[in-house]
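Here the sequence shown is numbered in our numbering, starting from 15 and rising by one per residue.
Report on the structure given below.
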Amino acid sequence: MFKKLALLFFAILIASCGSHKQVAKNTTYKRPRPVTTTRKPVVKRPAVVTRKPASRPSASQNPQLKTIEGQYEGAKEPGKSTANETVYSKQEILEATTRVKVTTAMVLDYIRTYKDIAKSNMQQYGIPASIILGQGILESGAGTGPLSALANNHFGIKCHKDWTGPSVAYDDDTAQECFRKYDQPAQSYQDHAIFLTGRDRYAFLFQLDKRDYAGWARGLKAAGYATDPRYPEKLIGIIERYQLSQYDAEVTGTEFVPLNTAPLLEKPIAANTGNADFYQVVQGDTLYSISKRFNVSIDDLRRNNNLSENAISIGQLLKIK
């Protein structure tokens, strides 16, 4: 019985395997179509940067310059400054100075500050230190002028065509002229020396004795350095009042003989005393009032101080005796 059942199971198994057929799927392969992407060509356009042309600020646009100018104009003495006497150049570099309220103390401070630069330039370029300092005092108003305060320009040196450095605009012969601006005052002093040594018309000055500041002062005027006919007189007066030739002697190693016209830099004056040899001009003074105060004639005052006229300025040091 068991064998019959086993045979029956085996027969059913064979029958079921024979009836199973493999079904093949009828599948057609479709190749994907390529996707065509049309790209527009990239056109690189140049970047356009619009820049406003560089312009130098005018006095009205520059608050710092406007403030300095206001202080400078306020320091001028009414009736004593003319259009022909200006701290700024009417030629290439220098001309004359405007009479401003510069005290003796301010001038002495200026000398202390720049005497070493002047001595160094004398050694390097051969220009007397007394002339360098004297012109610096005369042209910059002892460092109080707008160009020296704003641009460290102590000699009114203009840009000229070859200048590529910084500059400031200032009204001079024409409106908003270009003046050189320096990082340090020493650069202005160097430019002044290069100006004198680089032009043939000043060559004869370097044949003079380095201690002959008077010859240099007159020679500068003769060579066209300044148009003011009193320029040599003004320059010599400053040199002698403040004993600037002592720095020439220090450089040349010669003996300095003080002139009996002013105190040495190291010896301040006790000014405005009744019996002083020197007197510092204050507001309201005239040569006449000073002559009466010290019982000395106006002619003597003018002769003692190399004055060609009666005009004096506040802070000016006068030799009385």
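Built from N, CA and C at the ideal position, the CB exists for glycine as well.
Computed from a predicted structure; not experimentally measured.
Going by beta carbon distance, what residues of the same chain come within less than 6 Å of residue i, once the five residues before and after it are set aside?
| i | result |
| --- | --- |
| S162 | S154 and H168 |
| K195 | A165, P180, S181 and V182 |
| G93 | Bear in mind that a pLDDT of 46 at G93, under 50, signals an unreliable position, so the model cannot answer this. |
| A231 | P246, L249 and I250 |
| L321 | none |
My assumption, with CB atoms under 8 Å, is that residue i sits in contact with residue j. Please give the rounded CB distance.
| i | j | result |
| --- | --- | --- |
| I252 | L315 | Not really, about 18 Å apart at Cβ, beyond 8 Å. |
| F292 | I334 | 6 Å |
| Y128 | P199 | 7 Å |
| S181 | S259 | Their Cβ separation, rounded to whole angstroms, is 35 Å, which puts S181 and S259 out of contact at 8 Å. |
| Y216 | A237 | 5 Å |
Can you give the Cα-Cα distance for residue i and residue j, rounded to whole angstroms?
| i | j | result |
| --- | --- | --- |
| F209 | L147 | 16 Å |
| P246 | L234 | 8 Å |
| R244 | G229 | 14 Å |
| I171 | A165 | 11 Å |
| V121 | A156 | 6 Å |
| Q330 | A240 | 22 Å |
| D130 | D197 | 18 Å |
| A189 | H174 | 16 Å |
| L221 | N318 | Position check: residue 221 holds Gln in this sequence, whereas Leu was assumed. Those two C-alpha atoms are separated by around 30 Å. |
| P272 | T158 | 28 Å |
| F308 | I125 | 29 Å |
| D214 | K133 | 23 Å |
| F218 | Q149 | 19 Å |
| D123 | Q201 | 19 Å |
Go through its chain and collect everything with a Cβ distance to residue i's Cβ below 7 Å, but skip five positions before and after it.
| i | result |
| --- | --- |
| Y139 | A207 and T211 |
| P282 | Reliability of the predicted coordinates at P282 is poor, the pLDDT of 37 falling under 50, and no value is obtained from them. |
| I141 | N135, A207 and L210 |
| Y302 | I312 |
Give me the residue from the options with the minimum Cα distance to residue i.
| i | options | result |
| --- | --- | --- |
| I304 | L321, S322, L332 and G150 | L332 |
| D185 | P272, D242 and F193 | F193 |
| V116 | V295, C173, D214 and W177 | V295 |
| W340 | T158, P160 and D205 | With the chain covering only 15 through 335, there is no way to say anything about residue 340. |
| A119 | R255, A263 and E264 | R255 |
| Q137 | Q201, A263 and D123 | A263 |
Note down, in chain order, each residue of its chain lying with its Cβ closer than 8 Å to the Cβ of residue i, except the 5 sequence neighbours on either side.
| i | result |
| --- | --- |
| I311 | Strictly speaking, residue 311 in this sequence is Ser, with Ile absent from that position. These residues qualify, in order along the chain: S305. |
| T300 | N324 and I326 |
message: Tell me whether the stretch 260-273 and the stretch 216-229 touch, counting them as touching only if at least three CB pairs, one residue from each stretch, are closer than 8 Å.
response: yes
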